[in-house]
Amino acid sequence: MSAITPADAGTDTSRIGGGLLDPKMLYKSLPDAVKKFDPRVQLKNPVMFVVEVGSLLTTFSAVEHPSIFAWTITVWLWLTVLFANLAEAVAEGRGKAQAATLRKTKTSTSARRIASWEPGVKGQIGARGVETEISATELKLGDFVVVTAGQVIPGDGDVVEGVASVDESAITGESAPVIRESGGDRSSVTGGTKVLSDEIVVKITTKPGETFIDRMIALVEGAARQKTPNELALNVLLASLTVVFVLAVVTLQPFAFFAGAPQSLVILVALTVALIPTTIGALLSAIGIAGMDRLVQRNVLAMSGRAVEAAGDVNTLLLDKTGTITLGNRQASEFVPVEGVSIDELADAAQLSSLADETPEGRSIVVLAKQKYALRGREVHDATFIEFTAQTRMSGVDLPDGTQIRKGAANAVRDWVRDNGGHVHPAVGQTVDAISAAGGTPLVVAQIKGADAQVLGVIHLKDVVKDGIKERFAELRKMGIKTVMITGDNPLTAKAIADEAGVDDFLAEATPEDKLALIKKEQEGGKLVAMTGDGTNDAPALAQADVGVAMNTGTSAAKEAGNMVDLDSNPTKLIEIVEIGKQLLITRGALTTFSIANDVAKYFAMLPAMFAGVFPGLSKLNILHLYSPQSAITSAIVFNALIIVALIPLALRGVRYTPSSASALLRRNLWIYGVGGLIIPFVGIKLLDLVIHLLPGMGR
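If you count the sequence shown from 1, position 477 lands on 477 in full-length UniProt numbering, and the numbers rise without skipping.
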């Protein structure tokens with residue numbers, strides 16, 4: 001299962017369309033499609049159950065009163081059921097292929113269980129008499145296991161001691177190893193992944209058979225897919241329409257008999273199948289399965305179809321600032337010297353103090369000095385580099401000529417200068433305040449040269465807003481979605497970044513309680529809320545949100561609380577999830593509109609053919625000028641079956657979604673799928689009639 005980059009989202013249709021048209025895929029799905037003829041399976045889909053019952057009735061009629069017309073209708077009715085089964089089987093088959101890949105990751109694994117374990121007690125890991133080697137299937141909730149380099153993690157859990165590099169490519173498709181360590185938000189590990197280095201103690205948090213991989217297999221296969229509320233409601237509507245048309249056709253026969261034009265059983269069944277919403281009835285399940293599958297292709301595991309639908313109806317997005325809206329690593333953007341100091345002198349001192357600084361901020365200072373002021377990176381011999389500590393809040397370098405350079409927090413550097421008898425220019429405080437108010441982070445640079453201690457200037461570190469994120473938020477605004485940035489920054493900094501990113505609102509100095517309160521407030525206003533999180537402290541908010549996307553790198557508590565898990569742990573993907581949810585709803589609505597519009601054309605094709613001989617006035621409704629009653633009815637039934645096949649790729653791929661308002665999307669889909677649903681059947685049925693009337697037994 002490989003990851004798809006955001007750039008591929010919404011454009012990678014070749015895999016879906018190609019998979020459908022691939023004869024091997026159709027061949028593999030055909031046995032499953034045949035199995036679905038079981039009436040117990042068809043009963044779950046009332047529309048197709050009626051078609052199957054009708055196919056049985058026409059089969060008996062064709063055997064009793066054989067004719068080319070009766071057998072043609074019978075064959076195409078059975079093909080209608082087969083094509084509907086095939087649509088669902090192809091959608092499920094793609095999931096089964098992914099499940100087969102996942103099953104390969106499940107190997108027979110042993111586990112080194114610790115009988116008793118207490119945090120912080122030395123000598124427990126690997127101590128004789130403490131460990132017992134057992135099968136992974138014997139593990140229970142709360143067990144502690146030791147996993148060392150080269151071993152497979154036997155079950156889902158949290159690291160409670162140690163730190164290790166873990167290969168999670170079996171789950172995420174990403175070959176680069178990740179770090180998992182006790183404490184914090186990177187403690188969760190997944191059964192079936194492999195430890196590459198070091199040694200960890202893992203507390204098992206799932207039962208055998210209920211691991212993350214087991215749930216993924218069940219979900220991608222469709223075994224755990226439950227129909228969503230919207231899907232159930234649409235099923236009820238389709239079933240109601242089917243009952244209405246069945247009753248209408250049943251009561252039509254007495255009138256036809258009284259008028260002297262009784263219709264055969266084959267024609268009555270054909271009329272019923274043509275008028276009930278067979279197209280959407282055949283594709284409804286495949287649309288739902290494909291929606292889940294599109295998320296899996298993007299390495300997102302949805303725990304239920306309800307979550308996917310809710311994503312499509314979301315009104316408010318809560319987005320963490322760091323890593324979602326901004327790059328997360330502050331970057332040096334400007335050197336601001338004090339009066340009397342040249343900018344080249346400040347850039348040189350800033351670069352020298354950062355040569356040994358391996359943090360992203362330190363590297364960005366070296367790069368800025370090189371790119372903007374042509375200062376090449378250099379080696380400084382016999383220099384002493386001063387590392388940053390939480391106590392000093394400074395780092396820097398002591399040069400061989402006795403010069404000392406420091407950079408760090410404004411207060412710390414100013415105190416260092418004053419403690420060494422130096423003077424701090426009044427403009428330094430103003431520059432520091434201005435950078436903070438603009439949403440940046442100021443680092444002050446100072447030096448002691450000889451007996452002179454002074455501040456040279458300030459480095460402006462900026463939390464860089466991601467390219468294109470402002471345009472994405474503008475698209476969300478068009479969709480009627482409110483974006484709220486969540487950050488621990490002070491209100492001034494938060495406002496500056498929010499303005500630059502283009503979010504609608506922000507929550508500064510946010511605590512877990514603040515997030516939960518904000519979600520409840522939005523929901524009380526009738527809105528659906530989506531958010532991401534990875535820590536145990538995010539669990540209450542993830543559970544409260546209508547769409548809670550937990551990061552795979554996060555804790556087990558966060559993953560259990562959310563209803564989606566992002567295997568790539570990319571918070572920005574929440575925007576894609578919303579778009580996929582909307583695409584699912586739009587696809588279902590568009591094909592429902594197309595299906596109902598189809599019935600109008602079939603009405604004009606069949607009713608005049610059935611009764612024009614008795615009621616000559618009905619011939620005016622034969623606007624297609626179809627050749628004969630037999631060819632007209634046959635053309636309608638053949639078209640009814642073929643259109644299902646033609647729409648399977650669209651059901652699996654989804655209707656192309658472009659960010660727009662709900663009213664604009666409705667107008668667009670009514671024109672394309674409403675008007676198209678009227679025109680295409682007229683054209684298709686007429687073309688089929690031109691061919692079918694040439695066949696023996698289809699003439700007048």
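For every residue, glycine included, the Cβ atom is placed at its ideal position computed from N, Cα and C.
Because the structure is a prediction, the values reported are computed rather than measured.
CB contact check: residue i to chain D, cutoff 7 Å
i	result
residue 211	In summary, chain D is missing from the structure at hand, where a single protein chain is found.
Beta-carbon spacing of residue i, residue j below 7 Å
i	j	result
residue 51	residue 80	yes
residue 47	residue 291	no
residue 341	residue 456	yes
residue 200	residue 164	yes
residue 326	residue 484	no
residue 277	residue 238	yes
residue 85	residue 33	yes
residue 440	residue 462	yes
residue 332	residue 368	yes
residue 654	residue 592	no
residue 665	residue 313	no
residue 427	residue 338	yes
residue 702	residue 413	Here the chain comprises residues numbered 1 to 700, so residue 702 is not present and cannot be evaluated.
residue 335	residue 347	yes
residue 396	residue 353	yes
residue 182	residue 89	no
residue 571	residue 320	yes
residue 361	residue 330	yes
residue 689	residue 627	yes
residue 685	residue 639	yes
residue 168	residue 152	no
residue 308	residue 650	no
residue 540	residue 507	no
residue 559	residue 545	no
residue 438	residue 496	yes
From the options, residue whose alpha carbon lies closest to that of residue i
i	options	result
residue 269	279, 633, 554	633
residue 318	287, 542, 158	542
residue 273	647, 299, 245, 253	245
residue 534	523, 544, 522, 548	548
residue 705	250, 374, 68	A question about residue 705 goes unanswered here, because the residues of the chain that appear run from 1 up to 700.
residue 316	141, 575, 635	575
residue 388	635, 403, 401, 355	355
residue 283	602, 660, 589, 604	589
residue 662	594, 647, 475	475
residue 487	648, 322, 437, 371	322
residue 82	62, 39, 111	39
residue 625	466, 604, 230	604
residue 275	287, 255, 293, 241	241
residue 285	27, 538, 63, 231	231
residue 213	398, 154, 682	154
residue 564	498, 536, 530	530
residue 696	60, 384, 70	70
residue 324	466, 523, 383	466
residue 138	111, 150, 491	111
CB-CB length for residue i against residue j, believed under 8 Å
i	j	result
residue 581	residue 233	About 17 Å separates the two Cβ atoms, so there is no contact after all.
residue 55	residue 72	No, residue 55 and residue 72 are not in contact; Cβ-Cβ is about 13 Å, not under 8 Å.
residue 556	residue 205	5 Å
residue 573	residue 298	7 Å
residue 289	residue 579	The Cβ separation is near 18 Å, so there is no contact.
Those residues which DSSP pairs with residue i across a bridge
i	result
residue 713	Missing from the structure shown is residue 713; the chain here goes from 1 to 700 and no further.
residue 320	486
residue 676	Partner(s): none; residue 676 has no beta bridge.
residue 40	DSSP output for residue 40 lists no bridge partner at all.
residue 199	148, 163
residue 463	330
residue 180	164
residue 302	564
residue 441	461
residue 454	423, 447
residue 337	457
residue 529	316
residue 507	486
residue 194	152, 167
### Message
Pairs of beta-carbons, one from the segment 494-506 and one from the segment 451-470, closer than 8 Å: are there three or more?
### Response
yes
### Query
Quick one: any contact between the segment 662-682 and the segment 290-305, if contact means 3 or more CB pairs under 8 Å?
no
### the segment 445-456 contacting the segment 402-422, beta-carbon criterion three pairs below 8 Å
With a cut-off of 8 Å, the segment 402-422 and the segment 445-456 count as touching, because enough Cβ pairs lie within range.
### Message
Taking 8 Å as the cut-off, does the segment 182-195 touch the segment 150-166 (at least 3 CB pairs, one atom from each stretch)?
### Response
yes
### Message
Under 8 Å, with one C-beta from each stretch per pair, do the segment 677-691 and the segment 585-598 reach the 3-pair mark?
### Response
yes
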